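Trainee: Attaching a single structure in structure tokens format; questions to follow.
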Amino acid sequence: MNDHADLHTLTAAYALDALPEDELLLFELHLVACPACREEVEDLAAAAMELATLQPLQAPAAMRSRVLGLLASIPQPQP
């Protein structure tokens with residue numbers, strides 16, 4: 095990963111602490127000189143933290159049977 099443009103694609107993985115060590119070191123060096131990536135990482139990290147605090151919604155009770163009924167109506171390919 096030596097191409098400068100490719101480093102810009104790593105912001106989400108960096109914000110989620112999902113980069114392998116070799117890319118992590120390169121990206122952290124890149125962050126020093128790239129304000130756009132720093133801002134994007136900050137925004138993505140904030141969004142990830144906010145998403146982590148959300149509580150799951152309860153689906154309506156009839157939803158499972160409706161979805162299963164719809165799936166059953168879809169023709170299945172024959173092997």
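Numbering (our numbering), first residue to last: 95 to 173.
Backbone N, C-alpha and C define an ideal beta-carbon position, used for all residues, glycine too.
Since we're looking at a predicted model, the values are computed, not measured.
1) Mapping the DSSP letters down to three states, classify T103 as helix, strand or coil.
2) Spell out whether any CB of chain D is found under 8 Å from the CB atom of A166.
3) Assuming L120 contacts L101 (C-beta within less than 8 Å), just tell me the rounded distance between them.
4) Closest to L128 by CA distance: which of L104, A142, M143 is it?
5) List the endpoints of the continuous alpha helix (DSSP H) containing D116.
Mentor: Result, derived from the coordinates:
1) In the sequence shown, residue 103 corresponds to position 9, counting from 1. Three-state result, T103: helix.
2) Of the protein chains in this structure there is only one, and it is not chain D.
3) As a first step, residue 120 must be located in the sequence shown, where it is residue number 26. As a first step, residue 101 must be located in the sequence shown, where it is residue number 7. Yes, they are in contact, since the Cβ atoms of L120 and L101 sit about 7 Å apart, within 8 Å.
4) Here residue 128 corresponds to residue number 34 of the sequence shown, with the count starting at 1. Here residue 128 turns out to be Cys, not Leu, going by the sequence shown. Taking only the C-alpha atoms, the option nearest C128 is L104.
5) Translated into the one-based positions of the sequence shown, residue 116 becomes position 22. Taken as a continuous stretch (DSSP letters only), the alpha helix (DSSP H) holding D116 covers 115-127.
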